[in-house]
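Under numbering that gives the first Met the number 0, the sequence shown is numbered contiguously, ending at residue 419. From the three backbone atoms N, C-alpha and C, an ideal C-beta is built for every residue, glycine too. Right, one structure below, let's go through it.
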Amino acid sequence: MNYCGFYDIHVLIYKTGGVPIKILLNNNLTKESFMNNFEFKNPTKIIFGKDTIANLSKEIPANAKILLVYGSGSIKSNGVYDQVMKAVSGFEVIEYGGIPSNPEYTILLKALQVIKSQKITFLLAVGGGSVIDGTKFLSAAALYEEETPWNLLTSGKPILKGLPFATVLTLPATGSEMNSGFVLTRKETKEKLAAGGPALYPLFSILDPQVVSSIPQKQIANGLADAYTHVLEQYMTYPNDSLLQDRFAESILQTLVEVAPAILKDPSDYQAASNFMWSCTMALNGLIGQGVPQDWAVHMMGHELTALFGIDHACTLAIIAPSHYRYNLDTKKEKLAQYAERIWGVTAGTTEEKAKAGIDKTEDFFHSIGIKTRLSEYTPDYSGAAQIISKRFTARGWLGLGEHRKVAPADVANIVEMSY
Ligand code: NZQ
Ligand code: ZN
0 MNYCGFYDIH
10 VLIYKTGGVP
20 IKILLNNNLT
30 KESFMNNFEF
40 KNPTKIIFGK
50 DTIANLSKEI
60 PANAKILLVY
70 GSGSIKSNGV
80 YDQVMKAVSG
90 FEVIEYGGIP
100 SNPEYTILLK
110 ALQVIKSQKI
120 TFLLAVGGGS
130 VIDGTKFLSA
140 AALYEEETPW
150 NLLTSGKPIL
160 KGLPFATVLT
170 LPATGSEMNS
180 GFVLTRKETK
190 EKLAAGGPAL
200 YPLFSILDPQ
210 VVSSIPQKQI
220 ANGLADAYTH
230 VLEQYMTYPN
240 DSLLQDRFAE
250 SILQTLVEVA
260 PAILKDPSDY
270 QAASNFMWSC
280 TMALNGLIGQ
290 GVPQDWAVHM
300 MGHELTALFG
310 IDHACTLAII
320 APSHYRYNLD
330 TKKEKLAQYA
340 ERIWGVTAGT
350 TEEKAKAGID
360 KTEDFFHSIG
370 IKTRLSEYTP
380 DYSGAAQIIS
390 KRFTARGWLG
400 LGEHRKVAPA
410 DVANIVEMSY
């Protein structure tokens, strides 16, 4: 079952790392390249548009005892908190603020105690991907019967039960508001791992594009780069005759490229904000990934850079993606060339030349929104990162990443080193 085009990739596929699959024979694509069978169900209700936070009271189950989960306080200065509190005034609400970016396990354990001691029945995440992911973890951990909730992230098992929860999205980027995956950080071990399952779709998510107006430029750029890379992870593989999925994916990329200058110039531009927000959600709600091969190696390597150096999630993707595509040019060149043609209008040259131009254009796009693409531009301590990450992947049994499960730890070391 493909829960959302995220969960299965981030968790299950990497548990089967190294298991050969029948896609490649002697490095040539076999005739098995066609749309894969799929089952798709996404139960999250989306409430989109101006002034929709007021709808909260109608959507939350009657008699719910709510834990309102939020981050470092942006909601208090931009008016979102006041709107939420007004809308939930008929409910019993306990607040839990202070969820940091890259939500931290030990902090969430404290929130878990509150859920248990206060007999909370409903979680409301008000924030970006970090707050939403933290809330997903809390949802699962609240009903977890074993002793160590971190095992939710290491067991590789789909999460089948959780406390009901909903979200008020304040930062378009991750798509977490409409998928069933989450990513947690554990500082003491410098780990960043993903998990998820069918119980972790939000009951509903409120998407009011007006919240974008207070987001700092840097976070808007991050949102653009993250959503862009989510599409690439589900698209930049090999052709499998999924014509509609390709065009869904390309339309999201085109929309992000089109709105980027406007939203960076003026985050209160509602037209740009609404298109930006919906593109980010659509990039990772499972739809574009149905029936197509998926990669996700960029995210797996990127997560390690956040775990090791604290680099923003989206920036890690911009660091890794160009090198990953250059390194794997041979197996990805057809899709890279199609992308170069359809997104960037590159029509001259051979397939390989167009593919290379597509990678250059991707890097240019990241630069155009103010995101640097070299690890050494973020940290002076980069040397050795390639070997550390490669060893970690070996230890976890992640022996073959990417759509062909062929990106081995030695390749990971090469790709990360190319990104220095
Ligand atoms: O802490 P608060 O006050 O919320 O401030 C945040 C934070 O400082 C601020 N912000 C959010 N909305 C704002 C705002 N500031 C002003 N006005 C607003 N309206 O922005 C900062 C970054 O927020 P954060 O939630 O950390 O960013 P993002 O949404 O990019 O989430 C990143 C996390 O999501 C994970 C990442 O790994 C990372 O941990 N991801 C989750 C995914 C998923 N669940 O599907 C997929 C992604 O690939 C990603 O891995
Ligand atoms: Zn991402």
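Item	Value
Hey, which unbroken runs of the beta strand (DSSP E) at 3 residues or more fall wholly within the segment 36 to 122?	44 to 47, 64 to 69 and 91 to 95
Evaluate the contact criterion for the segment 283 to 303 versus the segment 233 to 248: three or more CB pairs, one atom per stretch, below 8 Å.	yes
I'd like the list of long-range same chain contacts for P238, defined as Cβ closer than 7 Å, with 5 residues on each side in sequence excluded.	S32, E333 and K334
Using the C-alpha atoms, what's the distance from F392 back to R404?	13 Å
Starting from V415, follow the beta strand (DSSP E) in both directions and report where the run begins and ends.	Looking at the DSSP string, V415 is not in any beta strand (DSSP E); the run it does join, the alpha helix (DSSP H), is P408 to M417.
Using C-beta distances below 7 Å, list every residue in its chain close to N27, excluding the 5 sequence neighbours before and after it, in chain order.	Confidence is the limiting factor: at N27 the pLDDT is only 41, short of 50, which leaves the residue's position unreliable and the question unanswerable from this model.
Report all residues for which the CB-ligand distance to some heavy atom of the ligand ZN is below 7 Å; order them along the chain.	T173, D225, T228, H229, H298, H312, A313 and L316
I52 and Q82: beta carbons closer than 8 Å?	yes
Please name the residue, chosen from K360, T346 and G348, that lies closest to Y324 on a Cα-to-Cα basis.	K360
I want to check one thing, is the minimum distance from the CB of P215 to the heavy atoms of the ligand NZQ below 7 Å?	yes
What would DSSP say about I205, mapped onto helix, strand or coil?	strand
Rounded to whole angstroms, what is the Cα-Cα separation between A354 and K331?	8 Å
Which runs of the alpha helix (DSSP H), 4 residues or longer, sit entirely within the segment 260 to 327?	269 to 282, 296 to 308 and 312 to 326
Measuring alpha carbon to alpha carbon, tell me which residue in A320, S213 and F136 is nearest L263.	S213
Look up I193 in the DSSP assignment and say whether it is helix, strand or coil.	First, the residue type needs correcting, since residue 193 is Ala and not Ile in the sequence shown. A193 falls in the strand class under three-state DSSP.
So, is H298 buried or exposed, given that buried needs 16 or more other C-beta atoms within 10 angstroms?	buried
Should N41 be counted as a contact of the ligand NZQ given a C-beta to heavy atom distance under 7 Å?	no
Would you say I98 and G72 are within 8 Å of each other, going by their C-beta atoms?	no
What are the boundary residues of the beta strand (DSSP E) that G222 is part of?	Careful: G222 lies outside any beta strand (DSSP E), inside the alpha helix (DSSP H) at Q216 to E232.
Note down the Cα distance separating L24 from I342, rounded to an integer number of angstroms.	Because L24 sits at a pLDDT of 32, beneath the cut-off of 50, its placement in the model cannot be relied upon, and the point is left open.
In its own chain, which residues sit with a C-beta less than 8 Å from the C-beta of I74, not counting the 5 before and 5 after it?	Y80, V83, V125, G126 and T169
Comparing alpha-carbon positions, which option in L123, E249, A384 and P292 lies nearest N35?	P292
Decide if the segment 169 to 184 is in contact with the segment 214 to 225; the criterion is three or more beta carbon pairs, one per stretch, under 8 Å apart.	yes
Measuring CB atoms only, is the segment 86 to 103 touching the segment 36 to 43, in the sense that at least three cross pairs come out at less than 8 Å?	no
In chain order, what residues of the same chain have a beta carbon less than 7 Å from the beta carbon of G48, not counting five sequence neighbours either side?	D207
Tell me the DSSP bridge mates of T153?	Paired residues: none, contrary to the question.
Between which two residues does the beta strand (DSSP E) holding G180 run?	G180 to R185
Going by beta-carbon coordinates alone, are A110 and L142 separated by less than 8 Å?	no
Using 8 Å as the threshold, is the C-beta distance between K189 and A306 below it?	yes
For the segment 367 to 374 against the segment 306 to 319, are there 3 or more C-beta pairs whose distance is under 8 Å?	yes
If you follow the alpha helix (DSSP H) that T372 is in, where does it begin and where does it stop?	Careful: T372 lies outside any alpha helix (DSSP H) and carries neither H nor E.
Exposed or buried, what is L159 when buried is set at 16 or more other beta-carbons lying within 10 Å of its beta-carbon?	exposed
Distance check for E94 and S56, CA to CA, integer angstroms please.	17 Å
On the CB-based measure, 16 or more other CB atoms within 10 Å of its CB, does D380 come out buried or exposed?	exposed
Across which residues does DSSP place L400 in a beta bridge pair?	V406
In the DSSP output, what is F164 paired with across the bridge?	L122
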